[in-house]
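K.L.:
Quick one: the structure is below, questions incoming.
As structure tokens, then:
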């Protein structure tokens, strides 16, 4: 579903349309296609910067994602899973979308990064559509649950994750 919302999958029936003022940012669960070039992290992130292309500006964003000094010159095609996710978050922040589509955003992240992500998602002013296996993230961030059930029904409720689990019992 998230690949459809992000425009990555066009082989489906039905229709959906984003609003005129909607700008979306997508964090896919599988992100290899973004890192298949021989670019340094500075050059990789620079391609997503609309406002400022200077190295100091880009290094500032990489520093926010814990890439400091020589790490920012590392080639993007040799990053670990967690490093790739952190780069994808820097990309999203540079793009400044008002709707985030995040597919399992905690995958490959350490506990400290998950805590920072949780805080960032909680304070984000736009809308977030996300899936996760992280119960704490679901409980602290989600305020509307859409569940696709095995029997084909869809549950859509404006409740917390804990309330949703209680209602299923």
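Residue numbers (the working numbering): 800 to 968.
Cβ coordinates follow ideal geometry from the N, Cα and C atoms, glycine included.
1. Under 7 Å, do residue 894 and residue 824 count as touching if we go by C-beta distance?
2. On the DSSP letters alone, give me the boundaries of the beta strand (DSSP E) that residue 945 sits inside.
3. So, is residue 921 buried or exposed, given that buried needs 16 or more other C-beta atoms within 10 angstroms?
4. Would you kindly check if the distance between the Cβ of residue 871 and the Cβ of residue 861 is under 7 Å?
5. So, with DSSP's three-state summary, where would you put residue 954?
6. Using 8 Å for Cβ pairs, my map puts residue 885 next to residue 912. What's the rounded Cβ distance?
7. Going by CA-CA distance only, name the one from 896, 965, 838 that's closest to residue 938.
8. With three or more beta-carbon pairs closer than 8 Å as the criterion, would you say the region 824-838 touches the region 847-856?
9. Quick check on residue 838: does DSSP put it in helix, strand or coil?
10. Can residue 904 and residue 822 be called in contact, C-beta distance under 7 Å?
11. For residue 882, does the count of other Cβ atoms within 10 angstroms reach 16, so buried, or fall short, so exposed?
12. Residue 825 bridges to which residues according to DSSP?
13. Measuring alpha carbon to alpha carbon, tell me which residue in 955, 908, 868 is nearest residue 932.
14. My assumption, with CB atoms under 8 Å, is that residue 927 sits in contact with residue 901. Please give the rounded CB distance.
15. Identify, in the order they occur along the chain, each residue of the same chain with its Cβ nearer than 6 Å to the Cβ of residue 805, setting aside the five sequence neighbours on each side.
P.N.:
So, to answer that:
1. yes
2. Per DSSP, residue 945 belongs to the beta strand (DSSP E) from 944-947.
3. exposed
4. A contact, by the Cβ cut-off of 7 Å.
5. Strand at residue 954.
6. 7 Å
7. 965
8. No, because fewer than three Cβ pairs between the region 824-838 and the region 847-856 fall closer than 8 Å, the two stretches do not touch.
9. Coil, per DSSP.
10. no
11. Buried, by the Cβ-count rule.
12. The beta-bridge partner set that DSSP reports for residue 825 consists of 900.
13. 908
14. 6 Å
15. 825, 900
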